[in-house]
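See below for the structure under consideration.
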Amino acid sequence: MASNRSSTDLESAIGVLGSSPLDTVKTIISCLATLGNSAVIVVMLVRHKVFSSFTNRLILHQSFIDAAAGVVFYCSTVLKRPSTVVVSQEGNTADRLVCSFLFSDYFLWSLNVTSTYNLVIISLERFMGTCHPLKHRKHMNTTLKLGAVVTSWGVGFVYSFHLTLLVEPIRGRCQFVAVSHAMKICIGVLAFTVEYVLPILTMVYSYGKILIALTKNLVNPVTPRQHFVHRAKKNVLVTLLMVTTVFVICWTPSECYYVGVLVLNLRENETLYISFTTLLACNLFINPVIYSFIYHNFRFHLRDLVLGRFHRNRVENIAMNRRRSVNIGLP
2 MASNRSSTDL
12 ESAIGVLGSS
22 PLDTVKTIIS
32 CLATLGNSAV
42 IVVMLVRHKV
52 FSSFTNRLIL
62 HQSFIDAAAG
72 VVFYCSTVLK
82 RPSTVVVSQE
92 GNTADRLVCS
102 FLFSDYFLWS
112 LNVTSTYNLV
122 IISLERFMGT
132 CHPLKHRKHM
142 NTTLKLGAVV
152 TSWGVGFVYS
162 FHLTLLVEPI
172 RGRCQFVAVS
182 HAMKICIGVL
192 AFTVEYVLPI
202 LTMVYSYGKI
212 LIALTKNLVN
222 PVTPRQHFVH
232 RAKKNVLVTL
242 LMVTTVFVIC
252 WTPSECYYVG
262 VLVLNLRENE
272 TLYISFTTLL
282 ACNLFINPVI
292 YSFIYHNFRF
302 HLRDLVLGRF
312 HRNRVENIAM
322 NRRRSVNIGL
332 P
């Protein structure tokens, strides 16, 4: 790819293009991501004793990340425009910070990668809990749990820092810097490896081992309690497998497009890019839908909270109406 087009290529691969119909779609995705994940957060916090396992706490953590990403996605792709990111002609330190951290969508991609590696940590935690239960109980202390959570944030924000180096203020505008073809290849390979290959390989390995272990356990006779625990673990596994499958579906087109533009020197296609990035954003709100339909324990407590609240409101309204009837002398 010619050097005078490298700025355009990076902007096409990283930035988000705006239009009125697309803004509507992005707003809907942001609302669904924020509201859906907020519902998961509320259920798991209200019923925290039920969802006290580390796996459920990681699912709760996933919802916090995706809810935050939904808000940042709206701010970065709907509210933000090249005209709204104003910098001075001098290009001082403040201008560099604005371009590097706001214009480059650093926080959006940091949260996306953080969400990805939280899924990786969930798969590794389930792998240890299912295939090495004794080691899991022995070594899974508070320090290790906190370290696992911090690691996902560290990978997301440290890895995405390279985006801040690709933008700088030029003549009063934030613009992507021109880079050599060799540098674009390095960026593309790095992104494809960190954002896609490593997470998928880890999750495939972990869940493959878990499926083998659960299949072996089915062969052996179990007590009713062991059978119940086995079914519960299997349901959690199915839920997490669905989450992983959705991740692959949502991220694959965008990653392939990114690599194609930067590494294979393919011509950028606006229609494809908009479609792929919108599909990637859908990953933010699909997980709560999966929990509601597949994760039996979550579905039960969600329904119990909603119907319980509705039932209490009806009882309170009936009692209030009866008191009013007594006060005005009605039968």
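In this note's numbering, the protein residues as written are 2 to 332.
For every residue, glycine included, the Cβ atom is placed at its ideal position computed from N, Cα and C.
Since we're looking at a predicted model, the values are computed, not measured.
In the three-state DSSP reduction, residue 264 falls in the coil class, being neither helix nor strand.
Judged by pairs of C-beta atoms under 8 Å, the segment 190-201 does not touch the segment 140-154, as fewer than three such pairs exist.
Going by beta carbons, residue 260 and residue 192 fall inside the 9 Å limit. With fewer than 16 other beta carbons inside 10 angstroms of its own, residue 46 counts as exposed. Residue 42 is positioned such that its CB atom lies no closer than 9 Å to that of residue 282.
In summary, residue 178 is exposed, with fewer than 16 beta-carbon neighbours lying within 10 Å of its beta-carbon over all protein chains present. Judged by DSSP secondary structure, residue 171 falls within the beta strand (DSSP E) whose first and last residues are 168-171.
For residue 90, the secondary structure class from DSSP, reduced to helix, strand or coil, is coil.
Proximity to residue 69 across 147, 34, 206 peaks at 34, based on C-alpha coordinates. If the five residues before and after residue 102 are omitted, its C-beta is found closer than 8 Å to the C-beta atoms of 108, 165, all from its own chain and listed in chain order. Taking a cut-off of 8 Å for Cβ pairs, the segment 76-83 and the segment 115-123 do not touch, as fewer than three such pairs fall below it.
As a beta-bridge residue in DSSP terms, residue 176 pairs with 169. If only complete runs of 3 or more residues are kept, the segment 100-168 shows no beta strand (DSSP E) anywhere. Scanning its chain for C-beta atoms nearer than 6 Å, with the 5 sequence neighbours on each side dropped, one finds around residue 63 the residues 119, in chain order. DSSP places residue 23 in the uninterrupted alpha helix (DSSP H) bounded by 21-47.
Residue 202 is not a Cβ neighbour of residue 131, given a cutoff of 9 Å. Between the C-alpha atoms of residue 135 and residue 210 there is a straight-line separation of about 16 Å. Judged by DSSP secondary structure, residue 196 falls outside any alpha helix (DSSP H); it is assigned neither H nor E. The Cβ neighbour count for residue 21, taken over all protein chains shown within 10 Å, is under 16; the residue is labelled exposed. Between residue 306 and residue 48, the C-beta spacing is below 9 Å. Within the same chain, 41, 240, 299 come within 7 Å of residue 292 by CB-CB distance, once the 5 residues on both sides are set aside. Around the beta-carbon of residue 127, 16 or more other beta-carbon atoms lie within 10 Å, marking it buried.
In this structure, the CA atom of residue 158 is about 25 Å from the CA atom of residue 92. Ranking 264, 32, 26, 205 by CA distance to the CA of residue 183 puts 264 first.
By the CB criterion at 9 Å, residue 99 and residue 86 fall inside the cutoff. Residue 53 carries a coil assignment under DSSP once its states are collapsed to helix, strand and coil. In the three-state reduction of the DSSP assignment, residue 291 falls in the helix class, which pools H, G and I. At a Cβ-Cβ threshold of 9 Å, residue 302 and residue 52 count as neighbours. Taking the C-beta atoms as reference points, residue 57 is found no nearer than 9 Å to residue 285. If you ignore the 5 residues before and after residue 104, its C-beta comes within less than 6 Å of the C-beta of 86, 168, 175, all in its own chain and listed in chain order. Between residue 296 and residue 237, the C-beta gap is smaller than 9 Å, which places the two residues in contact. Between residue 258 and residue 242, the gap from beta carbon to beta carbon reaches 9 Å or more. Each residue's CA atom was taken as its position, placing residue 114 and residue 140 some 26 Å apart.
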